[in-house]
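Using full-length UniProt numbering, you'd call the opening residue of the sequence shown number 1 and step up by one each time.
For every residue, glycine included, the Cβ atom is placed at its ideal position computed from N, Cα and C.
Since the model is a prediction, treat every value here as computed from it, not as a measurement.
Data block below; observations after.
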Amino acid sequence: MITTLVVTNDFGPRAGGIETFIHGLLEQASKNQQRNFIVLTSHQSPQDEVIKFDQKMWENNRIRVVRDTAKVLLPTRRLAKKATDLFVVHKCENVIFGSSAPLGLLAKSLRRAGAKHIVALTHGHEVWWARMPLFSALLRRIGAQADQMTYLGEFTRGAVVNALLREDHSKLVHLPPGVDLTRFIPAAKSLELQKKWGVEGAPVIVSIGRLVPRKGSDQLIKAMPEVLKQFPKCKLLLVGTGNYKKRLEKLVRNLKVQDSVIFTGRVAHELLPAYYRLGDIFAAPCRSRYGGLEVEGLGIVYLEASACGVPVIAGKSGGAPDAVLDGKTGILVNGRDHLEVSAALIKLLADEKLRSQMGTAGRVWMEQLWSWEGIGTRFEEIISD
């Protein structure tokens, strides 16, 4: 039996792209009966939800979750001791860092404790680490200590490789997230959800994700007046929560589109496929911020929408273009230009045949390259090296 210690800030039950990614990887890897996983992660609330989630991880996947008292794990001496103690007590052999930065700085301590193989995952935020001199030096140190460092797509690889020592470039391996193709499937719109949100018979634009500036919800709202000129019954469904919500609500009022924009709040993970399918279009025109330091690493939401057979509109920013075949599974737009966003929305809303073609192409692409089974096989190869 091979036991692996996973150290990560990003873990359920909190929702998020990285959380979904790591959960999927561990779920696939735990199918190997010769593997056990110990996850050291941060404190979350509400407590009853956390306890239920952790119990489910053990019962379904033999994954033991250890919660630290801190809400955010940092590579301190205290955490290094806790991680190495867990590593030794559970007789671990390998280590996975759910995000290279900053927890990968614990690699040296865990190597001294006996770690044979260390894998560090990278996402969008490692891009800005790679572009800032001080943080770039720390990322270089992490790369030197790890045996392998994964990247989501060509965009993230291009940024991270510049921070690493030349002799560590060969450690970079491609590992994108997968999609559960048994859950995210094309199907009819839910009549119950249509009725719940009052969108029966209306063209619907769905956007799912945290309500933060980078995701482009504001540009979708700004695009609505143009869209409504041609499709007056159109509804924009914003699914998710975030600290940008109040500003978005103010923007809705200022543009007088209150009757056309719906904030659903957070929805249960098991309901997400039905929410994707509510949309005639899925749109998240993301954009880079702070001179490219804050970017979308890839965008699991684009993959999930495509798996549901829904055409996608994404921003030409960061790693998002790695998740969309422009002109085939969706349309890439300038996420800072609401007129370009509205033009793309209108183009798809006006052409049912094009929407169908893109939706079908998206599903086929997911089946070909993005299934969790295929990604799980790749992950198994990486942690077995």
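Please work out which residues of its chain come closer than 6 Å, Cβ to Cβ, to residue i, disregarding the five sequence neighbours upstream and downstream, and give them in chain order.
| i | result |
| --- | --- |
| phenylalanine 37 | Thr4, Val6, Leu26 and Ile63 |
| isoleucine 375 | Gly178 |
| alanine 361 | Lys328 and Thr329 |
| phenylalanine 21 | Pro177 |
| valine 341 | Gln219, Ala223, Pro285 and Val333 |
| glycine 299 | Ala320 and Ala323 |
| aspartate 54 | Val65 |
| glutamate 226 | Ser342 |
| glycine 359 | Gly309, Val310 and Pro311 |
| glutamate 49 | Pro13 |
Spell out the partners DSSP gives residue i in its beta bridges.
| i | result |
| --- | --- |
| glutamine 357 | DSSP lists no partner for glutamine 357. |
| phenylalanine 53 | Bridge partners of phenylalanine 53: none, in fact. |
| arginine 383 | The sequence given here places isoleucine at residue 383; arginine does not occur at that position. Answer is none; isoleucine 383 lacks a bridge partner. |
| threonine 41 | Arg67 |
| residue 396 | An answer regarding residue 396 cannot be provided, because it is not within the stretch 1 to 385 covered by the chain. |
| serine 136 | Its beta-bridge partners do not exist; DSSP assigns none. |
| isoleucine 118 | Val95 |
| serine 371 | Val179 |
Answer with buried or exposed for residue i, where buried requires no fewer than 16 other C-beta atoms within 10 angstroms of its C-beta.
| i | result |
| --- | --- |
| valine 160 | buried |
| threonine 218 | According to the sequence as given, residue 218 is aspartate; it is not threonine. Buried: at least 16 other Cβ atoms inside 10 Å. |
| leucine 339 | exposed |
| leucine 369 | exposed |
| aspartate 326 | exposed |
| lysine 31 | exposed |
| valine 198 | Residue identity check: residue 198 is glycine in the sequence provided, not valine. The residue in question, glycine 198, is exposed, as its Cβ has fewer than 16 Cβ neighbours within 10 Å. |
| valine 72 | exposed |
| threonine 377 | exposed |
| valine 204 | buried |
| isoleucine 51 | exposed |
| glycine 335 | buried |
| asparagine 254 | exposed |
| leucine 191 | exposed |
| aspartate 10 | buried |
| threonine 8 | buried |
| arginine 287 | buried |
| glutamine 148 | buried |
| glutamate 126 | buried |
| lysine 353 | exposed |
| glycine 318 | buried |
For residue i, which residues in the same chain have their Cβ closer than 7 Å to its Cβ, ignoring the five residues on either side in sequence?
| i | result |
| --- | --- |
| proline 75 | Pro102, Leu103, Leu105 and Leu106 |
| alanine 70 | Ser42 and His43 |
| valine 380 | It should be pointed out that residue 380 corresponds to glutamate in this sequence rather than to valine. Contacts found: Ala29 and Asn32. |
| glutamate 154 | Asp322 |
Excluding sequence positions up to five away, which residues of its chain have a Cβ less than 8 Å from the Cβ of residue i?
| i | result |
| --- | --- |
| aspartate 337 | Gln219 |
| arginine 247 | Asp218 |
| residue 426 | Given that the chain is displayed from residue 1 to residue 385, the structure contains no residue 426 and the question cannot be resolved. |
| valine 212 | Gly242, Asn243 and Tyr244 |
| isoleucine 2 | Gln34, Arg35, Asn36, Glu93 and Asn94 |
| isoleucine 346 | Glu226, Val227, Gln230 and Phe231 |
Meets three-Cβ-pair contact criterion under 8 Å: the region 121-130 and the region 162-177: yes
Every unbroken beta strand (DSSP E) within the region 148-223, with a cutoff of 3 residues, ordered by chain: 148-151, 172-174 and 204-208
Residue ranges of each beta strand (DSSP E) within the region 298-351, 3 or longer: 312-315 and 330-333
Contact between the region 301-309 and the region 269-278 (3+ Cβ pairs under 8 Å): yes
The region 108-128 / the region 78-96 touching (three or more Cβ pairs under 8 Å): yes
Stretch pair the region 185-203 + the region 167-174: three plus CB contacts closer than 8 Å: no
Touching by the beta-carbon criterion (3+ pairs, under 8 Å), the region 142-161 and the region 229-243: no
Contiguous beta strand (DSSP E) assignments of at least 3 residues, all confined to the region 209-289: 235-239, 261-265 and 281-284
Segment contact, 8 Å Cβ cut-off, at least three pairs: the region 98-105 with the region 142-157: yes
Any 3 or more C-beta pairs closer than 8 Å across the region 221-240 and the region 253-273: Taking a contact to require three or more Cβ pairs closer than 8 Å, the region 221-240 and the region 253-273 qualify as touching.
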